[in-house]
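J.: So in this note's numbering, the last spot in the sequence shown is 193, and the numbers never skip.
Mind looking over this structure? Questions follow.
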Amino acid sequence: MNFLEERIVKDGIVKEGNVLKVDSFLNHQMDIHLFEQMGEEFKRRFKDKPINKILTIEASGIGIACIVAKYFNAPVVFAKKTKSINIEGEMYIAEVESFTHKCKNQVIVSKKFLSPDDHVLIIDDFLANGEAASGAIRLLTEAGASIAGVGILIEKSFQPGRDKLIAQGVDVYSLARVSRLAKGVIEFIPEEC
Ligand code: G4P
Numbered sequence: 001m002n003f004l005e006e007r008i009v010k011d012g013i014v015k016e017g018n019v020l021k022v023d024s025f026l027n028h029q030m031d032i033h034l035f036e037q038m039g040e041e042f043k044r045r046f047k048d049k050p051i052n053k054i055l056t057i058e059a060s061g062i063g064i065a066c067i068v069a070k071y072f073n074a075p076v077v078f079a080k081k082t083k084s085i086n087i088e089g090e091m092y093i094a095e096v097e098s099f100t101h102k103c104k105n106q107v108i109v110s111k112k113f114l115s116p117d118d119h120v121l122i123i124d125d126f127l128a129n130g131e132a133a134s135g136a137i138r139l140l141t142e143a144g145a146s147i148a149g150v151g152i153l154i155e156k157s158f159q160p161g162r163d164k165l166i167a168q169g170v171d172v173y174s175l176a177r178v179s180r181l182a183k184g185v186i187e188f189i190p191e192e193c
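As structure tokens, this is what we get:
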């Protein structure tokens, strides 16, 4: 097991409905030492790509995106979730459906912050159905930016997100790939396979 998998086993809690609660170290209280290790690992994995920008979608991807950005010496752009759009024309907009929350959100980024000159690494905490990452990819495609890859902390490999992204030709790297969640049981797929 790698350092993140070990931490998930130690402090993660499996809830009803295949939900893994990691709010004591990842997405409510954040362990910054762990974030530094994760940032370093993304840098190792994507170091050969000319990444000049990190993109995430608010809210819980922002913390790790900022740490990763430090390793690439690049700025972070986070797509904002909003309901009313009255600034059309100056924004890239994508619709994102949340299966977990059963709702649709529009995610937006100002045209000032993405351009065809950008080589962007998308970062997020969870990959489940892949809707958030697919929305980010649509924003980048609209902007004409290059997609260097998608970096994920926890992938729920029994959900279709990874396959959806791979089918679009995107390089996906997840630090922990959960293959099974049950009461008291958290299993992983070995790294990079
Ligand atoms: P998707 O983005 O991969 O399509 O995921 P999905 O719609 O299934 O998930 C909706 C939200 O729930 C996402 O956050 C996702 O990160 C989060 N999520 C999915 N599975 C789990 C889980 O097992 N544990 C935890 N803690 N979160 C999970 P969001 O609502 O889009 O964003 P945010 O505001 O929370 O960042």
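Where is the CB? At the ideal position from N, CA and C, for every residue including glycine.
Comparing alpha-carbon positions, which option in 121, 4, 102 lies nearest residue 38?
T.: 4
J.: Counting Cβ pairs, one atom from each stretch, are 3 or more of them under 8 Å apart for the region 40-52 and the region 110-125?
T.: Verdict: yes, contact present.
J.: Tell me the residue span of the beta strand (DSSP E) that contains residue 11.
T.: No beta strand (DSSP E) contains residue 11, which is instead part of the alpha helix (DSSP H) from 3-11.
J.: May I have the straight-line CA-CA distance separating residue 143 from residue 183, to the nearest angstrom?
T.: Answer to the nearest angstrom: the Cα atoms are 43 Å apart.
J.: Am I right that residue 91 and residue 111 are in contact with their C-beta atoms under 8 Å? What's the rounded C-beta distance?
T.: 6 Å
J.: State yes or no: is the C-beta of residue 54 within less than 8 Å of the C-beta of residue 69?
T.: yes
J.: Note down the Cα distance separating residue 46 from residue 73, rounded to an integer number of angstroms.
T.: 13 Å
J.: Measure how close the beta-carbons of residue 174 and residue 187 come, nearest whole angstrom, since I'm counting them as under 8 Å.
T.: Actually they do not touch by this definition, with Cβ atoms about 14 Å apart.
J.: Is the Cβ-Cβ distance between residue 81 and residue 126 less than 8 Å?
T.: no
J.: Put residue 97 into one of helix, strand or coil per three-state DSSP.
T.: strand
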